[in-house]
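For reference, the structure discussed in these notes is given below.
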Amino acid sequence: MISIGSKRYFLIISIVFIALLSPCKVSGQNVKVINRNRYKISIHTTDKPVIIDGLLDDPAWQSAQRVDHFHRVLPMDTGYAKSQTEVMLSHDDKYLYLAVICHDTLPGKRPVESLRRDFSFPKNDNFIVFMDTYNDQTNGFAFGISAAGVQWEGIQANGGYVTLEWDCKWRSAVRSSPDRWVAEFAIPFRSIRYKVGVKEWGINFSRLDLKTAEKSSWAPVPRQFQTANLAFAGTLLWDTPPPDLGLRYSLIPSVIGRYSHDMEGGNAGAYDFGGGLDAKITPSTSMNLDITIHPDYSQVEVDRQVINLDRYELFFPEKRKFFQENSDLFASIGRERLRPFFSRRIGLATPVWAGARLSGQIGKNWRTGVMDMQTGSRDTIPAANFAVAVFQRKVFRRSNISFFLVNKQATGTLSAEDPSSLRYNRVAGIEYNLASSDSRWTGKFFYHQAFSPGIHHHAFSLAEKLMYDNGKVQATMEHAWVGQNFMAETGYVPRTGFQELTPGIQYKFYPSSRHLANHGPFLKSDLFFSTDFHINDSRTEVGYGLEWLNRSKLKFDLSDNYILLLQNYDPTHTGGVPLSSGSDYHWQEAGFSYLSDVRRLFNFSVSVIAGEYYNGHRTGFESQFSYRVQPFANLTMDLAYNRITLPEPYSSADLILVGPKLDLTFTDKLFLSTFVQYNNQIDNINVNIRFQWRYAPVSDLFIVYTDNSYPDGLTPKNRALVLKLSYWFH
Numbered sequence: 008m009i010s011i012g013s014k015r016y017f018l019i020i021s022i023v024f025i026a027l028l029s030p031c032k033v034s035g036q037n038v039k040v041i042n043r044n045r046y047k048i049s050i051h052t053t054d055k056p057v058i059i060d061g062l063l064d065d066p067a068w069q070s071a072q073r074v075d076h077f078h079r080v081l082p083m084d085t086g087y088a089k090s091q092t093e094v095m096l097s098h099d100d101k102y103l104y105l106a107v108i109c110h111d112t113l114p115g116k117r118p119v120e121s122l123r124r125d126f127s128f129p130k131n132d133n134f135i136v137f138m139d140t141y142n143d144q145t146n147g148f149a150f151g152i153s154a155a156g157v158q159w160e161g162i163q164a165n166g167g168y169v170t171l172e173w174d175c176k177w178r179s180a181v182r183s184s185p186d187r188w189v190a191e192f193a194i195p196f197r198s199i200r201y202k203v204g205v206k207e208w209g210i211n212f213s214r215l216d217l218k219t220a221e222k223s224s225w226a227p228v229p230r231q232f233q234t235a236n237l238a239f240a241g242t243l244l245w246d247t248p249p250p251d252l253g254l255r256y257s258l259i260p261s262v263i264g265r266y267s268h269d270m271e272g273g274n275a276g277a278y279d280f281g282g283g284l285d286a287k288i289t290p291s292t293s294m295n296l297d298i299t300i301h302p303d304y305s306q307v308e309v310d311r312q313v314i315n316l317d318r319y320e321l322f323f324p325e326k327r328k329f330f331q332e333n334s335d336l337f338a339s340i341g342r343e344r345l346r347p348f349f350s351r352r353i354g355l356a357t358p359v360w361a362g363a364r365l366s367g368q369i370g371k372n373w374r375t376g377v378m379d380m381q382t383g384s385r386d387t388i389p390a391a392n393f394a395v396a397v398f399q400r401k402v403f404r405r406s407n408i409s410f411f412l413v414n415k416q417a418t419g420t421l422s423a424e425d426p427s428s429l430r431y432n433r434v435a436g437i438e439y440n441l442a443s444s445d446s447r448w449t450g451k452f453f454y455h456q457a458f459s460p461g462i463h464h465h466a467f468s469l470a471e472k473l474m475y476d477n478g479k480v481q482a483t484m485e486h487a488w489v490g491q492n493f494m495a496e497t498g499y500v501p502r503t504g505f506q507e508l509t510p511g512i513q514y515k516f517y518p519s520s521r522h523l524a525n526h527g528p529f530l531k532s533d534l535f536f537s538t539d540f541h542i543n544d545s546r547t548e549v550g551y552g553l554e555w556l557n558r559s560k561l562k563f564d565l566s567d568n569y570i571l572l573l574q575n576y577d578p579t580h581t582g583g584v585p586l587s588s589g590s591d592y593h594w595q596e597a598g599f600s601y602l603s604d605v606r607r608l609f610n611f612s613v614s615v616i617a618g619e620y621y622n623g624h625r626t627g628f629e630s631q632f633s634y635r636v637q638p639f640a641n642l643t644m645d646l647a648y649n650r651i652t653l654p655e656p657y658s659s660a661d662l663i664l665v666g667p668k669l670d671l672t673f674t675d676k677l678f679l680s681t682f683v684q685y686n687n688q689i690d691n692i693n694v695n696i697r698f699q700w701r702y703a704p705v706s707d708l709f710i711v712y713t714d715n716s717y718p719d720g721l722t723p724k725n726r727a728l729v730l731k732l733s734y735w736f737h
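FYI, the numbering for the sequence shown is 8 to 737, going by the working numbering.
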């Protein structure tokens, strides 16, 4: 048993954190300066609009500067890519134009997974441009194209992570020949945000060529980082600054028809019709306002189910478009399993009436995101208003400080049947996000305080994280302290009243091999303590990983586990006799996982674990098998099995999850997906059929059928059929 004064412990952790932080202000500054100064491309005005056809015969391309000599990033970050790429840029007062020539050195088909928009990056030959439109090496926009001509666009945040939920109208074309494929882009200035009057942007270009298994970039990027990392971008030099377009707006009305039948609840089938409206208003080139009225999310893809072996609430990601777009500031506050704001809490159990979100850049160093949503009531759940505001200021070269407030306010009558319901719940906090110039040092420190009626003590959370990654060594130290009364009703905080310590280290060897890219050991721990620092849970894992040049991966690991139960718990989640609160368990497990070469038409991943489990044993595996008929069909099969054997009187169980999915992309505008999930842990078969026709740019017709049934006799629980039509007026 470990025991130490928590205040003294926190002081020690803080001192170590500050000491480690001290060198990070100057780490790697030369890398950014070298790329920005050495890798420059000029862009000039064209007086004739470029015809987007992939032919490159427009006058603009005859005089444009051409850059090539792309550097290899993966599997090794030395030398130039085997398959080279050429890029040119031009513009007029409405569009940014881009021309790309992707040369091939190996014969054969170019791998393409599907024709669906926002393709999977590692499974398609592609080209992407990353633009640092704010010149902060942190935020920007990305536009990409696959060799099959499928568009890909996203918003960049937190140094270069791209979120693909943002859509906009832009034009592109691809032409292929045996030794190359050529692409042209026309990106409207009205679709992106940037600072007015600025004549330099950060920019980089990335190419993935799956036949040579190489990823490359124009301005070099170390192999441990994404090519999207804006710390390593070159410079785009404008002859004249991009235009100030003034107020811009788009309207997206939608109509919805629905039939639903809840057989399990004994309700008759019912029809429902409605409509909604989304609006996108851009008051300046650096700000964006999104408005939604009576939104409907019936077309959202169904969640992938999992076998639940967790003692706390599972996390399922947000998939609703309005909450995903321009949400990086909201999604970045807190950390995994300690989120003061989680948009999925809004409107899943009650209808959303309306909402608005304002986001963008204020001046040189400030960014802001403000969102307000109003929901109605349903059953015993009262109507409520949800608001979140984040203000972020850039400090040093790439770091920032954020201030935020999350507020949930009941606007309806509180339920007398639920004494736990609160009139309000608020969380305020301050966060410091560290990112050195070369991205080797990253970290985070935050303090959050919750406010609820009648709760005055131990309603806080704080955390520190520091990570160093130089390509060979990755070392992480993370600590969190969450008070017993910390409550974030609009967040995701599955556990309170603990301190957590998470150290980890990994080393990679890079051999001179024709097949093996890297390999090396890793060691990591996750330790949970009570607030007075008595250990409750621990998991220590040691293992070895290997990665081949074809991107296949293999990992072996051994783990040591300890759990002191703080409440009764059934490890199978099947309603059997639970293990008693206060009992503790210590066990070991072994496992391995393998990911095959995703370039192959048939590819798969599999992970296996076996060993002791609480007071019994467990054998389990998870796998996914995929086969594609490129680019029109992709069939995947999810399989998961866990055999848990416990002594009497506790329940043993064979837990099975089977999930076949067929994804058909008839064209780049016509899609059909069928997803079936059988889960015996929850005694359910789920069927989801989703048809999408993108009949105009960012305008869709959805037809979605959902059915839930008992596996025994296929007795239906509920089913629904939804038709939704939307159109983007731009």
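Yeah, the Cβ is synthetic: ideal placement off N, Cα and C, and Gly gets one too.
Just so we're clear, the structure is a prediction, and the values are computed from it rather than from any experiment.
**Request:** Measure the C-alpha to C-alpha separation of Gly-367 and Phe-196 and round it to an integer number of angstroms.
**Result:** Linking Gly-367 to Phe-196 through their CA atoms gives a straight-line distance of about 15 Å.
**Request:** From the DSSP output, read off the bridge partner residues of Ser-71.
**Result:** The residue you asked about is not Ser; residue 71 is Ala in the sequence shown. Ala-71 pairs with nothing; no bridge assigned.
**Request:** For Gln-331, name the three-state secondary structure that DSSP assigns.
**Result:** helix
**Item:** Spatially closest choice to Ala-164 from Arg-182, Ser-179, Asn-142, by CA coordinates
**Value:** Per the Cα distances, Asn-142.
**Asked** If you draw a straight line from the C-alpha of His-522 to the C-alpha of Ala-394, how long is it?
**Response** 52 Å
**Request:** Determine the extent of the beta strand (DSSP E) in which Cys-109 is found, giving its start and end residues.
**Result:** 102–110
**Asked** When DSSP builds the beta bridges, which residues end up paired with Lys-287?
**Response** The partner list for Lys-287 (beta bridge, DSSP) reads Ser-257, Asp-297.
**Straight-line Cα distance separating Phe-535 from Val-434** = 23 Å
**Message:** If I measure Cβ to Cβ from Gln-306 and keep anything under 6 Å in the same chain, skipping five residues before and after, which residues do I get?
**Reply:** Phe-709, Val-711, Lys-731
**Asked** For Lys-515, which of helix, strand or coil comes out of DSSP?
**Response** In the three-state reduction of the DSSP assignment, Lys-515 falls in the coil class, being assigned neither a helical nor a strand state.
**Asked** Counting along the chain, where does the beta strand (DSSP E) carrying Ile-50 start and finish?
**Response** 47–52 is the extent of the beta strand (DSSP E) around Ile-50.
**Request:** Just tell me which of Pro-460, Tyr-475, Glu-485, Lys-479 has its CA closest to the CA of Leu-469.
**Result:** Glu-485
**Item:** Short Cβ contact (7 Å threshold) for Leu-96 with Ile-50
**Value:** yes
**Straight-line Cα distance separating Ala-617 from Ser-588** = Spanning the alpha carbons of Ser-588 and Ala-617 requires a straight line of approximately 25 Å.
**Message:** By the three-class DSSP mapping on this structure, what secondary structure does Ser-339 have?
**Reply:** helix
**Message:** If you reduce the DSSP assignment to three classes, tell me which class Phe-128 lands in.
**Reply:** helix
**Prompt:** Buried or exposed: where does Gln-506 fall if 16 or more other Cβ atoms within 10 Å of its Cβ makes it buried?
**Reply:** buried
**Request:** Assign Leu-316 to one of three DSSP states: helix, strand, or coil.
**Result:** coil
**Prompt:** So, is Lys-479 buried or exposed, given that buried needs 16 or more other C-beta atoms within 10 angstroms?
**Reply:** Exposed.
**Asked** In chain order, which continuous runs of the beta strand (DSSP E) of length 3 or greater are located wholly inside the region 163–213?
**Response** 168–170, 178–184, 187–195
**Asked** What does DSSP give as the partner residues of Ala-390 in its beta bridges?
**Response** According to DSSP, which records beta bridges pairwise, Ala-390 is partnered with nothing at all.
**Request:** Over the uninterrupted beta strand (DSSP E) stretch that includes Arg-374, give me the two end residues.
**Result:** 373–382
**Request:** State the DSSP-derived secondary structure class of Arg-352, mapped to helix, strand or coil.
**Result:** In this structure, Arg-352 counts as helix in the three-state DSSP scheme.
**Prompt:** Between the beta-carbon of Phe-323 and the beta-carbon of Asp-310, is there less than 7 Å?
**Reply:** yes
**Message:** Using only CA atoms, which one of Ala-338, Arg-346, Arg-344 lies nearest to Met-378?
**Reply:** Ala-338
**Asked** Among the residues of its own chain, which have a CB less than 6 Å from the CB of Tyr-551, if the five just before and after it don't count?
**Response** Pro-528, Phe-563
**Start-to-end residues for the beta strand (DSSP E) that takes in Ser-633** = 623–636
**Request:** Give me the Cα-Cα distance between Leu-215 and Ile-689, rounded to the nearest whole angstrom.
**Result:** Each residue's Cα considered, the two are about 41 Å apart.
**Asked** Three or more C-beta pairs closer than 8 Å, one from the region 382–396 and one from the region 225–242: is that the case here?
**Response** The region 382–396 is not in contact with the region 225–242.
**Asked** Can you tell me whether Ser-733 is buried or exposed, with buried defined as 16 or more other CB within 10 angstroms of its CB?
**Response** buried
**Prompt:** So, do the region 599–616 and the region 629–648 have three or more beta carbon pairs nearer to each other than 8 Å?
**Reply:** yes
**Item:** DSSP state of Gly-720 mapped onto helix, strand, coil
**Value:** helix
**Request:** Return the chain-ordered ranges of every alpha helix (DSSP H) run that is complete within the region 418–462 and spans a minimum of 4 residues.
**Result:** none
**Message:** Buried or exposed, going by whether 16 or more other CB atoms sit within 10 Å of the CB of Tyr-278?
**Reply:** exposed
**Prompt:** Is Leu-662 helix, strand or coil by DSSP?
**Reply:** Here Leu-662 sits in strand by DSSP.
**Asked** Looking only at its own chain, which residues have a Cβ that is under 6 Å from the Cβ of Trp-68, when we skip the five neighbours before and after it?
**Response** Cβ within range, chain order: Met-95, Ala-106.
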